[in-house]
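**Q** Please read through the structure below; I'll follow up with questions.
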Amino acid sequence: MTSRPTPTSAHWDLDSYERLARDVASLRGSTPEPDTALRAFAESVLYREARLLDDGDLESWLSLMTGDSLYWIPSNPTGGDPMNEVSLAFDDHRRLIDRVYWLRTGLVSAQLPPSRTRRLISNVEAWTGPDDTTVYVRSNFLLHEFRAGRQRILSGWYGHVLTLAPNPTVDSTLIRTKVIFLTDSDHGHDNLTIVF
């Protein structure tokens, strides 16, 4: 019996999965002592992202992501293992570019007419990572979507890993990882083409 070659990607490798596992463990773990200034800064970053998504400015939203970014919606409510379990979305930066392009074609039947959304973000916690350029942010969200005469509300929590530039500002802060833990991720969803 011959062994099958291990699939590789120029964009996502074993080190990337290990980094994701460390990030998710940090986001799921207990948070250190609150830092109100860091939390306020993180809230501003999340609010900016939510505004761009709700306004449909996907190109500007994409510019918030680092070149090695990951956007993950696990189908397992506890996160699970993306190497061995199905995900609702698992997009590296290259795939995010494709997703935005695809949504902009006007040919996505699941977005005809396009969704109108509003996000509410609360319970924001933020703490520094292993170095001065990494910030972990955990928050709860409610996402209201209206499309084709139907309304729905999706809820869960976000895990963001932010990358800070020297002398960081809200506008210079980038998102390295965004994990969306849907409350009901293990149940059927008829249309998840929106960007969370």
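Positions in the sequence shown are counted from 1; adding 40 to them yields the working numbering.
Backbone N, C-alpha and C define an ideal beta-carbon position, used for all residues, glycine too.
What you are looking at is a predicted structure, and each value in this text was computed from that prediction instead of being measured.
1) Based on Cα-Cα distance, which residue from LEU232, VAL175 and VAL126 lies nearest to HIS184?
2) What residue range does the alpha helix (DSSP H) around HIS229 cover?
3) Expressed to the nearest angstrom, what Euclidean distance is found between the alpha-carbon atoms of PHE130 and ASN207?
4) Three or more C-beta pairs closer than 8 Å, one from the segment 72–89 and one from the segment 149–168: is that the case here?
5) If you draw a straight line from the C-alpha of THR173 to the C-alpha of LEU202, how long is it?
6) I'd like to know whether the C-beta atoms of VAL219 and GLY199 end up nearer to each other than 7 Å.
7) Hey, out of MET105, ARG156, SER225 and SER70, whose CA is closest to LEU204's CA?
8) Short of 7 Å in beta carbon distance, which residues of its chain neighbour ASP63, apart from the five on each side in sequence? Order them along the chain.
9) Bridge partners of PRO114, per DSSP?
10) As a quick exercise: from GLY189, PRO170, VAL210 and ALA150, pick the residue whose alpha carbon is nearest that of ASP230.
11) Just verifying my parser: in three-state terms, what is the DSSP assignment at TRP52?
12) Counting only runs that start and end within the segment 168–232, where is the beta strand (DSSP E) found for 3 or more residues in a row?
13) Please determine, among SER212, GLU58, GLY189 and THR223, the residue with the shortest C-alpha to C-alpha distance to SER179.
14) With a threshold of 16 other CB atoms inside 10 Å of the CB of ILE193, please say whether the residue is buried or exposed.
15) Looking at LEU147: is its Cβ nearer than 7 Å to the Cβ of VAL235?
16) Please classify ALA65: is it buried, with 16 or more other beta-carbons within 10 angstroms of its beta-carbon, or exposed?
17) When the Cα of ARG156 is compared with those of PRO170, LEU60 and PHE186, which residue comes out closest?
18) With 16 other CB atoms within 10 Å as the buried threshold, where does ASP132 fall?
19) Could you pull the DSSP bridge partners for ILE161 from this structure?
**A** Here's the rundown:
1) LEU232
2) Looking at the DSSP string, HIS229 is not in any alpha helix (DSSP H), and its letter there is neither H nor E.
3) 31 Å
4) yes
5) 8 Å
6) yes
7) MET105
8) VAL201 and THR217
9) SER127
10) ALA150
11) coil
12) 174–187, 190–203 and 214–222
13) THR223
14) exposed
15) no
16) exposed
17) PHE186
18) buried
19) PHE181
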